[in-house]
Each structure stands twice: as structure tokens, then as C-alpha cells.
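Positions 63 to 210 (this note's numbering) are the ones given, in order, by the sequence shown. We put the beta carbon where it would ideally sit given N, CA and C, even for glycine. These notes are about the structure you will find just below.
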Amino acid sequence: MLFSSLSRLCISAALALSLFVGSGCGSAFAFDHRHTAFTDELQKYVGMSLIDYGSWKKSPENLKRYIDSLTAIGEVEYKSFSEDEKKALWLNAYNALTIYLVLKYYPVKGKKAYYPASSIRQIDGFWEDNKITIGGKTATLAQIEHNL
């Protein structure tokens, strides 16, 4: 009898906690500061320092969901992050958005003779025109790279 009461209490507590974490009030607890979703994608498509853009382009949904999770971070939640967490957040945002945009244009076709044919430098405005908003702060790829 004691076991079943304790068991019910634990289950009730777990359900209550999951509802709290899943609600807007618990969003600060829901953000994965280990960036597991992005790490999982990198492990699938990166090997020997090369990215398999061709395969990744066929299923970019998980990467898009990860980027969406970054843009869903509100100002209050963002302010609760430590400086190290913010730095990791922006570094991962930069890398994820860069990869996502390369997938969008892949295969990159060279038009400019002064850059390698498959370089992202072939994409006009790549760093200046592409932005992301996290925690109420909007930045281009160039701003993230130079101001982090």
C-alpha cells in the first residue's frame, strides 16, 4: 500500500513537472544548452572534417527545427542565460544558420572568378543579408562573426 501511494505521488509529481516545463512558465528549463539537436545533426552529416551537404540537403528539417528553437527564445529567457551560455548560443546559431543557408544554395555555382567555384563567397550578401533573432536581438552572420 505504501509503495503504490508513493508510486502515485511520484507519477503525479512527474506529470506536474512535465506540464510546468512544457508551459510558457517553464520555457527557461526547456532550452537545451548542450545543443543536442544540432550536435546530433552534425554527427549524421560531418565526417573527416567534411560536410555531406548533398545528403543533408535531402532532409534539413531537423536543422530547421533547431534554428526555430533558437529563434523561439524570448527576451526574459535569454536574460536568464549566463554569459557562457549566450556565447555558445550565438556560436551554434552562426554555425547552424550558415549550414542551413549553404544547403539552400547547394550546390553552389561559381560566377566570380576570384573565389573558388563552390565557395559560399559566390553567394551574394551571404553574411550581410542573412539574419537571426534570438532573445529579442537580431544579428546578421557578419555581426555574429565580428561582434561575438
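Which residues does DSSP pair with Asp193 in a beta bridge? Reading off the sequence shown, one finds Lys at residue 193, where the question assumed Asp. Paired residues: Thr202.
Just curious, the alpha helix (DSSP H) that Ala155 is in, first and last residue? Glu145 to Tyr167
Helix or strand or just coil, what does DSSP make of Gly172? coil
Quick one: Cα of Ala92 to Cα of Arg127, how far? 14 angstroms
Short check: CB of Ile185 to CB of Val170, under 8 angstroms? yes
Quick check: the stretch 105-113 against the stretch 134-141, are there 3 or more CB pairs under 8 angstroms? no
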